[in-house]
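Visitor: My questions all concern the structure below.
In the working numbering, the protein residues as written are 4 to 104.
In structure tokens, the structure reads:
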């Protein structure tokens, strides 16, 4: 399987990814988007430059959209992940409503 720790290893692969490898790559990419959001927001919170702060917060918002796109793709290609996400939402709703502890 290609190594997803660097952005270049997939390009050097001499074969196409299997569906399972694609699923793992998408999961890794989702994590990367959330890591980027955290980084941009942390930087924005620690600076006084208002222009930079606005732009960093805008970029963080873009990363949220990317994460949403990737979640959609993951649910599309992985029925197991889609089921897990659906079950998680249903369980969270019950806990919030006090129907489950």
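All residues carry an ideal CB built from backbone N, CA and C; glycine is no exception.
From a predicted model like this one, the values you see are computed outputs, not experimental measurements.
Could you check what DSSP says for residue 17 in three-state terms: helix, strand or coil?
Guide: Within the chain shown, the letter at position 14 stands for residue 17. Residue 17: coil per DSSP, three-state reduction.
Visitor: To the nearest angstrom, how far is it from the Cα of residue 102 to the Cα of residue 71?
Guide: Counting from one through the chain shown, the residue named residue 102 turns up at place 99. Counting from one through the chain shown, the residue named residue 71 turns up at place 68. Roughly 28 angstroms separates the two Cα atoms.
Visitor: If I measure Cβ to Cβ from residue 80 and keep anything under 7 angstroms in the same chain, skipping five residues before and after, which residues do I get?
Guide: By one-based count along the chain shown, residue 80 stands at place 77. So the list reads 22, 25 and 26, once near-sequence residues are dropped.
Visitor: In chain order, what residues of the same chain have a beta carbon less than 8 angstroms from the beta carbon of residue 74, not counting five sequence neighbours either side?
Guide: Position 71 of the chain shown, counted from the start, is the residue given in the question as residue 74. Cβ within range, chain order: 33 and 88.
Visitor: Return helix, strand or coil for residue 102, following the three-state DSSP convention.
Guide: Numbered from its first residue, the chain shown carries residue 102 at position 99. Coil, per DSSP.
Visitor: With DSSP run on the structure shown, which of helix, strand or coil describes residue 4?
Guide: In the chain shown, counting from the first residue as 1, residue 4 sits at position 1. A caution first: residue 4 carries a pLDDT of 46, below 50, which makes its placement in the model too unreliable to give a value.
Visitor: Please classify residue 84: does DSSP put it in a helix, a strand, or coil?
Guide: In the chain shown, the residue the question calls residue 84 occupies position 81. Helix.
Visitor: Give every residue of the same chain whose Cβ lies closer than 7 angstroms to the Cβ of residue 4, excluding the five residues on either side of it in the sequence, and list them in chain order.
Guide: By 1-based counting over the chain shown, the position of residue 4 is 1. Confidence in residue 4 is poor, its pLDDT being 46 and thus under 50, which makes the residue's placement too unreliable to answer from.
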